[in-house]
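J.: Structure incoming, see below.
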Amino acid sequence: MIELGKVNALTVLSRRDNQYFLDGGEWGEIALADKQPVTDLPAGSKVEAFVYIDGKGQTVATLQMPLAQAGEVAWLKCVSLSHAGAFLDWGLPKDLLLPFSEQKGKVIEGRSYLVRLFLDEDNRIAASMVLDDFIQDQAFYYKEGQAVQLVIAEHTELGFKAVVDHQYWGVLYKNEVFQPLKKGQKLTGYIKKIRPDHKLDLILSQEKYGQKVDATSAKILDILARRGGYVALTDKSDPELIYDTFAVSKKVFKQAIGGLYKQRRILIEADGIRLLDQATAK
Numbered sequence: 001m002i003e004l005g006k007v008n009a010l011t012v013l014s015r016r017d018n019q020y021f022l023d024g025g026e027w028g029e030i031a032l033a034d035k036q037p038v039t040d041l042p043a044g045s046k047v048e049a050f051v052y053i054d055g056k057g058q059t060v061a062t063l064q065m066p067l068a069q070a071g072e073v074a075w076l077k078c079v080s081l082s083h084a085g086a087f088l089d090w091g092l093p094k095d096l097l098l099p100f101s102e103q104k105g106k107v108i109e110g111r112s113y114l115v116r117l118f119l120d121e122d123n124r125i126a127a128s129m130v131l132d133d134f135i136q137d138q139a140f141y142y143k144e145g146q147a148v149q150l151v152i153a154e155h156t157e158l159g160f161k162a163v164v165d166h167q168y169w170g171v172l173y174k175n176e177v178f179q180p181l182k183k184g185q186k187l188t189g190y191i192k193k194i195r196p197d198h199k200l201d202l203i204l205s206q207e208k209y210g211q212k213v214d215a216t217s218a219k220i221l222d223i224l225a226r227r228g229g230y231v232a233l234t235d236k237s238d239p240e241l242i243y244d245t246f247a248v249s250k251k252v253f254k255q256a257i258g259g260l261y262k263q264r265r266i267l268i269e270a271d272g273i274r275l276l277d278q279a280t281a282k
């Protein structure tokens with residue numbers, strides 16, 4: 001069955017008047033909007049095509065892949081404004097409409113916004129900033145430890161609010177986030193806990209804190225060895241510099257170098273850390 005606003009696997013039927021036609025099943029023939037596909041499409045071959053209703057109300061397809069499909073959340077840039085609303089760049093030649101009725105606050109050309117794509121009453125795909133109309137607070141079919149896809153929605157007092165699998169709200173707590181996050185960022189996370197009210201607590205790594213410190217200790221020794229035994233970072237360095245080098249939070253870095261110092265594996269100097277054998281060789 002064809003799903004509008006999504007990518008479908010379709011069979012090529014024929015080519016007429018320099019245009020391809022695909023088998024849309026109960027939808028009949030679907031014209032391929034791409035006038036010049038990258039390769040020839042012999043009859044009977046299968047293609048992955050995005051199917052949608054065009055401005056003329058016709059069902060068409062394209063081999064170009066959009067940045068998001070119907071039912072998905074995406075971080076899209078506003079490229080123009082009109083009397084109908086704002087238009088967003090979603091990777092296809094015809095920009096995506098964000099109607100005035102689906103906007104929150106003032107939309108400014110050149111800025112990006114977190115939106116959810118949906119089919120309107122005419123089955124045309126559009127965007128909405130009113131995520132709460134589509135994203136549910138409660139989830140019932142997840143298991144703790146299960147991997148999920150996240151889109152970061154906003155920073156809160158607790159940490160970060162994220163959209164889980166484009167369908168549910170979840171929370172990443174700030175004391176458990178050890179990397180920079182930004183609105184619209186996509187990444188893999190895990191269900192840490194399903195609360196009694198069926199709301200989701202999330203975590204970005206299944207690795208326990210102690211395991212993360214141990215892994216970071218090994219990474220520090222490896223990077224020190226590859227950099228001649230010295231790195232110009234200490235527990236007083238900027239958190240972003242620490243993350244850029246070791247991909248961990250300052251808290252984890254401090255725990256790791258503290259442990260390595262106690263083990264007499266490194267020397268902590270005023271401006272950096274040094275492998276102990278390098279220090280004693282001076």
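Number 101 in full-length UniProt numbering belongs to position 101 of the sequence shown; there are no gaps in the numbering. C-beta atoms are modelled at their ideal positions from N, C-alpha and C, and glycine is treated no differently. Only a predicted model underlies this, so the values are computations on that prediction, with no experimental measurement involved.
Going residue by residue through the region 64-143, where are the continuous beta strand (DSSP E) segments of at least 3 residues, counting only ones entirely within it?
T.: Runs of the beta strand (DSSP E) inside the region 64-143: 73-82, 85-89, 96-99, 112-119 and 125-128.
J.: Buried or exposed for Glu-157, please, with buried defined as at least 16 other CB atoms from any protein chain shown within 10 angstroms of its CB.
T.: Looking at its Cβ environment, which holds fewer than 16 other Cβ atoms inside 10 Å, Glu-157 is exposed.
J.: Who pairs with Asn-8 in a beta bridge, going by DSSP?
T.: Asn-8 pairs with Ala-49.
J.: Smallest Cα separation from Lys-35: which of Gly-28, Val-51, Arg-16 and Gly-24?
T.: Closest option to Lys-35, Cα to Cα, is Arg-16.
J.: Is the region 95-108 in contact with the region 146-157, if contact means three or more CB pairs nearer than 8 Å?
T.: With the cut-off at 8 Å, the region 95-108 and the region 146-157 do not touch.
J.: Under the three-state reduction of DSSP, which class applies to Arg-227: helix, strand or coil?
T.: Arg-227 falls in the coil class under three-state DSSP.
J.: Identify every residue that forms a DSSP beta bridge with Glu-29.
T.: Answer is Asp-23.
J.: Let's test the definition: count the other Cβ atoms within 10 Å of the Cβ of Tyr-20 and tell me whether it reaches 16, buried, or not, exposed.
T.: With 16 or more Cβ atoms within 10 Å of its Cβ, Tyr-20 is classed as buried.
J.: Would you say the region 257-275 touches the region 233-243, given that touching needs at least three Cβ pairs under 8 Å?
T.: The region 257-275, when compared against the region 233-243, does touch it at the 8 Å Cβ threshold.
J.: Please confirm whether Ala-139 and Leu-200 have their CB atoms less than 8 Å apart.
T.: A contact, by the Cβ cut-off of 8 Å.
J.: Which one of Trp-90, Gln-69, Glu-72 and Ala-153 has the shortest CA to CA distance from Val-79?
T.: Considering only alpha carbons, the answer is Trp-90.
J.: Taking just the CA atoms, how far does Glu-121 sit from Ala-31?
T.: C-alpha separation (whole angstroms): 22 Å.
J.: Apart from the five residues on each side of it in sequence, which residues of its chain come closer than 6 Å, Cβ to Cβ, to Val-248?
T.: Hits under 6 Å: Phe-178 and Thr-216.
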